[in-house]
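Comments concern the structure below.
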Amino acid sequence: MYIREAFWNKVFAEAKDNKNVIFLTADYGDPKVFTNVGIAEQLMVNIATGLALCGKKVFCYAIDAFLVRRALDQIYNACCMKLPIVFVGSGVDRDYLADGATHWSCGNDVIMSEMPNIMYFTPQNNKQAIDAAERAMNTKYPFYVRLKR
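Quick note: numbering that gives the first Met the number 0 has the sequence shown finishing at residue 148, numbered continuously throughout.
Below, the structure is given as structure tokens:
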């Protein structure tokens, strides 16, 4: 099993009967599970912010380079408000090598570590991915996880 599968399997298992958990994606992820906002990472985080202010637990899932760099202001604002939004970036460093530098997430972990009130993880194996999923589901603060492609 891939790290990404281990993470999402655990999240979906824990969220199965919880109507307060919402999954958003920016042109990525399974359409049966995620609400796709299109290529609009800023919009995705703004929607997540509104939902979190209404008491929802929201997961935002996108290619890491786009999630962090395109929606940085919105992520910062959500972190300042200590909202329980889980930001899930797919692709660590140069996982999307063939797609070119626009898809690389080099340094995003450093950028996100500077966000206020956030916890972040880059799981290296399935056990760590499952632990990150459990923490993501249970935290009441912003959470960032980077998953290998």
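Yeah, the Cβ is synthetic: ideal placement off N, Cα and C, and Gly gets one too.
Keep in mind it's a predicted model, so treat the numbers as computed, not measured.
| Runs of alpha helix (DSSP H) wholly within the segment 25-95 (minimum 4 residues, chain order) | Counting only runs of 4 or more, we get 40-52, 63-69, 71-79.
| task | Could you tell me if residue 9 is buried or exposed, where buried requires 16 or more neighbouring beta carbons within 10 angstroms of its beta carbon? | result | Counting every other CB atom within 10 Å of its CB across the protein chains shown gives residue 9 a total of 16 or more, marking it as buried.
| query | Does the beta carbon of residue 130 sit closer than 8 Å to a beta carbon anywhere in chain B? | reply | Absent from the structure: chain B. Only one protein chain is present.
| query | DSSP on residue 118, reduced to helix/strand/coil? | reply | Residue state, collapsed to three classes: strand.
| request: Mind checking who residue 110 pairs with in its DSSP beta bridge? | output: For residue 110, which the question treats as bridged, DSSP gives no partner whatsoever.
| query | Which residue's Cα is closest to the Cα of residue 82: 130, 7, 74? | reply | Scanning 130, 7, 74 for the CA closest to the CA of residue 82 turns up 74.
| query | For the candidate residues 7, 55, 25, whose alpha-carbon lies nearest to that of residue 133? | reply | Residue 133 has its Cα closest to that of 7, out of 7, 55, 25.
| message | Looking at the secondary structure, which residues open and close the alpha helix (DSSP H) in which residue 134 lies? | response | Note, residue 134: alpha helix (DSSP H), 125-137.
| said: Taking its Cβ as the centre, do 16 or more other Cβ atoms sit within 10 Å of residue 12, making it buried, or is it exposed? | reply: The residue in question, residue 12, is exposed, as its Cβ has fewer than 16 Cβ neighbours within 10 Å.
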